[in-house]
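Using the numbering used here, read the sequence shown as starting at 1 and increasing by one per residue. Reading through the structure tokens given below for one structure.
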Amino acid sequence: MIEFDGAEIVRWTSWATDEELELLENAEYSDADDIWIIKSAKPSGLAVVKDGQFQQVLRPYGFFHSGAFFLDDEIGCQVRQKINDTLSKGDKNIVEANMYLGTRGFFVSELGGDGNVLLLANAIRNFDQKGKIPNSDDWERIHELLTHSKASIMKCGAKFISEWIIHSEKQNEGLFDVYRRVLLATLYRHSGLLDKALEASDIVDLPCNRLNGSNSTMSVLCTTRAATLMDAAENKPGRRTELLRAARLTLNKANAMSGEDSEEIMVAYMRLKKLDGNV
């Protein structure tokens with residue numbers, strides 16, 4: 001199956017011929033709520049059936065803007081070529097970025113728009129082809145994008161973040177990159193990979209001369225690690241006491257290094273107190 005961003009297909013339908021629109025028949029369309037099967041294409045919209053039901057309804061093309069279309073490989077290749085034949089250079093860059101990320105496991109429709117797709121595709125391509133990791137501005141944007149994404153995007157993004165961190169730490173003579181490890185530990189944690197999150201954050205007890213990062217950044221990493229230890233304590237009853245003890249020690253370190261009152265640390269202490277009371 002080949003995935004197309006809904007907005008991309010909607011743009012194409014505005015200049016596609018009736019014969020070309022027929023290529024969408026039997027495709028799937030998926031949004032945040034439902035899966036639809038395309039039964040026929042009309043000038044006014046697409047006749048669709050909700051997956052598992054029988055009633056056919058006509059939806060205007062604007063209805064399909066926010067989700068994703070899935071076409072079988074042969075038809076999908078035809079549609080891709082027809083779209084490419086009518087695109088501007090800017091649009092072609094977007095299409096190529098969508099395809100590039102799709103081959104790397106991303107559900108592109110979940111990335112939140114063309115700007116995010118281009119940002120992430122360019123960052124991954126620059127590393128793949130030139131060995132360059134994102135600069136500080138792009139890193140901040142990628143951090144914001146990934147931490148507010150669905151778990152599937154977080155999990156896929158973590159693979160590339162991990163590669164960038166390995167490269168960064170080699171460039172810095174083996175110093176551990178505290179700042180970038182905050183993002184990696186967060187992505188692993190929120191995609192359910194707790195062991196990997198703990199592995200990414202296990203540098204918190206190393207001597208300062210082996211770390212590249214400020215006290216405030218180390219405090220954030222400690223807070224993330226403590227939260228992960230509490231997650232693990234809830235999932236592993238046999239190690240609950242041990243994990244909660246480790247969480248408290250790590251949270252104490254986060255508090256000592258923060259240099260100021262932190263709402264995140266306060267919330268973490270409240271959660272720890274509740275978990276301790278349920279032992």
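Using N, Cα and C, we set each Cβ at its ideal position, and we do this for glycine too. The structure displayed is predicted, hence computed values, not measured ones.
In the DSSP assignment, find the alpha helix (DSSP H) that holds residue i and state where it starts and stops.
| i | result |
| --- | --- |
| ALA254 | 240–258 |
| ASP5 | Looking at the DSSP string, ASP5 is not in any alpha helix (DSSP H); the run it does join, the beta strand (DSSP E), is 2–5. |
| VAL204 | Per DSSP, VAL204 belongs to no alpha helix (DSSP H) and is neither H nor E. |
| GLU173 | Here GLU173 belongs to no alpha helix (DSSP H), and DSSP marks it neither H nor E. |
| GLY277 | 263–277 |
| ILE361 | Here the chain has residues from 1 to 279 only, and residue 361 is not among them. |
For residue i, which three-state DSSP category applies?
| i | result |
| --- | --- |
| ILE153 | helix |
| ASN212 | strand |
| ALA158 | helix |
| SER30 | strand |
| GLU199 | helix |
| GLU25 | coil |
| ASP18 | helix |
| ASN235 | helix |
| SER191 | coil |
| LYS130 | helix |
Between residue i and residue j, which are expected to be in contact by the criterion C-beta below 8 Å, what is the C-beta distance as a whole number of angstroms?
| i | j | result |
| --- | --- | --- |
| ALA226 | SER191 | Rounded, the Cβ-Cβ distance is 18 Å, inconsistent with contact. |
| ILE38 | GLU25 | 6 Å |
| GLY67 | TYR29 | 6 Å |
| VAL108 | GLU3 | 6 Å |
| LEU275 | LEU244 | 6 Å |
| ALA254 | SER216 | About 10 Å; that fails the 8 Å criterion. |
| MET154 | LEU146 | 6 Å |
| GLU169 | PHE176 | 6 Å |
| LEU251 | THR223 | 7 Å |
| ARG104 | ILE124 | 7 Å |
| ALA247 | LEU206 | That belief does not hold up - the Cβ atoms of ALA247 and LEU206 are roughly 18 Å apart, past 8 Å. |
| ILE35 | ASP51 | 4 Å |
What are the boundary residues of the beta strand (DSSP E) that residue i is part of?
| i | result |
| --- | --- |
| SER40 | 35–42 |
With a threshold of 7 Å on Cβ separation, who are the neighbours of residue i within its own chain once the five nearest residues in sequence on each side are excluded?
| i | result |
| --- | --- |
| ILE9 | PHE64, PHE69 |
| ILE94 | ASP114, VAL117, LEU118 |
| LEU221 | VAL178, ARG181, VAL182, ALA185, SER201, VAL204 |
| GLU20 | LYS82 |
| TYR188 | ALA158, LYS196, ALA197, ALA200 |
Looking only at its own chain, which residues have a Cβ that is under 6 Å from the Cβ of residue i, when we skip the five neighbours before and after it?
| i | result |
| --- | --- |
| GLY213 | VAL178, TYR179 |
| ASP231 | LEU194 |
| GLN55 | none |
| TYR269 | none |
| LEU211 | PHE176, VAL178 |
Taking 8 Å as the limit between beta carbons, can you name the residues of its chain near residue i, skipping five residues before and five after?
| i | result |
| --- | --- |
| ASN84 | LYS92, VAL95 |
| HIS167 | PHE127, GLY131, ILE133 |
| THR86 | TRP12, TRP15 |
| ASN209 | none |
| ASP73 | MET1, ILE2 |
Exercise for review: Just list the alpha helix (DSSP H) runs in the region 45–127, keeping only unbroken ones of 4 residues or longer that don't cross its boundaries, in chain order.
Suggested key: 73–85, 89–102
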